Amino acid sequence: MEKARELFKRVPTLVMSVLVVASQSLEPLLKLHENLKPDIIQIHGEFNYGAASLKEKFPNTVLVRSVSVKSEEAVQEVVKVAKFFDAVHVDSWVAGRYRGTGLTHTWNVSRRIREAIHPKLLIMAGGLTAENVKEAVETVKPYAVDVSTGVEAKTGVKDPAKVEAFIKNAKQAF
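When we follow our numbering, the leftmost residue of the sequence shown carries the number 68, and every step to the right adds one.
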């Protein structure tokens, strides 16, 4: 918690803070929110609390639901939960992992998800790199893209040249 507080204090004034969690119950999420006061909460994984009541619990916080794109059935699954969130984050699926797989998924399914949840926002992740982000954006037409492993020199270490190339190619596509 102390490290998170330190990081949140470093967020510049005009930049929104994002809390990314894989919380399975509401109590830890409430505690994190109370201590960190994030602008956005991005929820990964399975959770055992009613999505319908989240907006009541966090009325001034943007809520983003991350969903793994496993198959065509993902479209119907996302439509069910999207009504309780401000945006949907799509990512690739790997058993036992909530994020950061570094693998791409079927972008046509992500495009169908975007169309199905419109006008809700879609944020796209999953195996994006400087080499494929342009094609991904042109195919899916997401609101935004999310990258992590695709711009790393080694695990956990970002490569400035890869970050710059990614941003350049993403901007061209948008």
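For every residue, glycine included, the Cβ atom is placed at its ideal position computed from N, Cα and C. Note that the structure is a prediction, hence the values are computed from the model and not measured.
Cβ-Cβ distance between residue i and residue j below 9 Å
i: N103; j: L130; result: According to the sequence provided, residue 103 is Leu. The question's Asn does not apply to it. Against a cut-off of 9 Å, the Cβ pair of L130 and L103 comes out as no contact.
i: T206; j: S177; result: yes
i: L93; j: Y116; result: yes
i: V157; j: I180; result: yes
i: F75; j: H100; result: no
i: A220; j: K229; result: yes
i: F152; j: A203; result: no
i: L96; j: I107; result: no
i: V145; j: V155; result: yes
i: A197; j: K235; result: yes
i: L195; j: T173; result: no
i: P61; j: S84; result: Residue 61 lies beyond the stretch modelled for the chain, which goes from 68 to 241, so this question has no answer here.
Boundaries of the alpha helix (DSSP H) in which residue i is found, first to last residue
i: R132; result: Segment V129 to V136 is the beta strand (DSSP E) holding R132; no alpha helix (DSSP H) there.
i: S177; result: W174 to I184
i: S235; result: Contrary to the premise, residue 235 reads as Lys rather than Ser in this sequence. That run of the alpha helix (DSSP H) goes P227 to A240.
i: K150; result: Per DSSP, K150 belongs to no alpha helix (DSSP H) and is neither H nor E.
Inter-residue CB distance, residue i and residue j (contact presumed, cutoff 8 Å)
i: F114; j: S90; result: 6 Å
i: H111; j: V88; result: 7 Å
i: A183; j: V142; result: 6 Å
i: M191; j: V212; result: 5 Å
i: F233; j: V214; result: 6 Å
Where the beta strand (DSSP E) containing residue i begins and where it ends
i: K76; result: From DSSP, K76 is part of no beta strand (DSSP E) but of the alpha helix (DSSP H) over E69 to K76.
i: V85; result: V85 to V88
i: K201; result: Element bounds for K201: not the beta strand (DSSP E) but the alpha helix (DSSP H), V200 to V207.
i: A220; result: E219 to K221
i: L188; result: L188 to M191
Buried/exposed call for residue i, threshold 16 Cβ in 10 Å
i: R77; result: exposed
i: H185; result: exposed
i: A71; result: exposed
i: P227; result: exposed
i: P79; result: exposed
i: G223; result: exposed
i: K187; result: buried
Quiz prompt | Uninterrupted beta strand (DSSP E) stretches inside the stretch 97-125 (no shorter than 3 residues) | solution = Considered as a whole, the stretch 97-125 harbours 107-110 as its complete beta strand (DSSP E) runs of no fewer than 3 residues, in chain order.
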